[in-house]
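Enquirer: Take a look at this one; I'll ask things after.
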Amino acid sequence: MRRKTRLLPLLLAGLVLAGCVTETEAGGNGPGEVRVSDKAPIVIRNDDGGNVTGYIARREQLAKSGRRVEIRGYCASACTMLTTLPNACLGPKLVIAFHAPHFIGTNIPAPMVTGLMGRYYRNGVLQKWNSTWSKSQKMTKISAREYVRLDPQTRICPR
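Just so you know, the sequence shown maps onto residues -18 to -1, 1 to 141 in mature numbering (1 follows the signal peptide of the UniProt record, and there is no 0).
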């Protein structure tokens, strides 16, 4: 038993470093003291996106957590794939931004990623993705309310 209690802080520290949870979500209160609440929502705030395959793995972890996932502030690029999580809601002031996938650090299009990302959208968001957003390097920003109009299955978070 003693060994397991030493592994939990290391596991949580790894999740914090990987960006899967914040220090607050991991319950970090100081060295050696970790408290995890399985009831508190996981808050994703001001996320600029990044590697699509990394976000697919992150999405799976968030779905398995069983906790509500609140997406707040700003969510762009690969982060947008998290909006359709069954346990997700969008902050009422959230700004969501879409653009054509490209190799990080370049303007070189990554067309195979377009279909991969599209698997995580639905309804009007998927239609917009396929017709417009995935074809332009220009960032298209929409509000949480506009997102819900395009995809009525999505929920707005309580304030």
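Where a beta carbon is used, it is the ideal one built from N, C-alpha and C, also for glycine.
#1: To the nearest angstrom, how far is it from the Cα of Thr140 to the Cα of Pro74?
#2: Once DSSP output is grouped into helix, strand and coil, what is the label at Ala79?
#3: Return the residue from the list Gln109, Leu67 and Ser118 that minimises the CA-CA distance to Ala39.
#4: Out of curiosity, what's the CA-to-CA distance linking Val77 and Lys46?
#5: Can you round the beta-carbon distance between Thr136 and Leu72 to whole angstroms, since I take them to be within the 8 angstroms contact cut?
#6: Can you check whether the CB of Met121 is closer than 8 angstroms to the CB of Ala58?
#7: Since Ala58 is in the beta strand (DSSP E), which residue starts that stretch and which ends it?
#8: DSSP state of Ile124, grouped into three classes?
#9: If the criterion is Cβ atoms closer than 8 angstroms, does the pair Ile24 and Arg49 meet it?
#10: For Pro134, count the other beta carbons within 10 Å of its own beta carbon; 16 or more makes it buried, fewer makes it exposed. Which is it?
#11: Can you list, in chain order, the residues of its chain with a C-beta nearer than 7 angstroms to that of Leu132? Leave out the 5 residues immediately preceding and following it.
Expert: If we stick to the structure as given:
#1: The displayed chain sequence assigns Pro, not Thr, to residue 140. Roughly 8 angstroms between the two C-alpha positions.
#2: Three-state DSSP puts Ala79 in a strand.
#3: Leu67
#4: 25 angstroms
#5: 6 angstroms
#6: yes
#7: Val51 to Ala58
#8: strand
#9: yes
#10: exposed
#11: Asn105, Gly106, Val107 and Lys110
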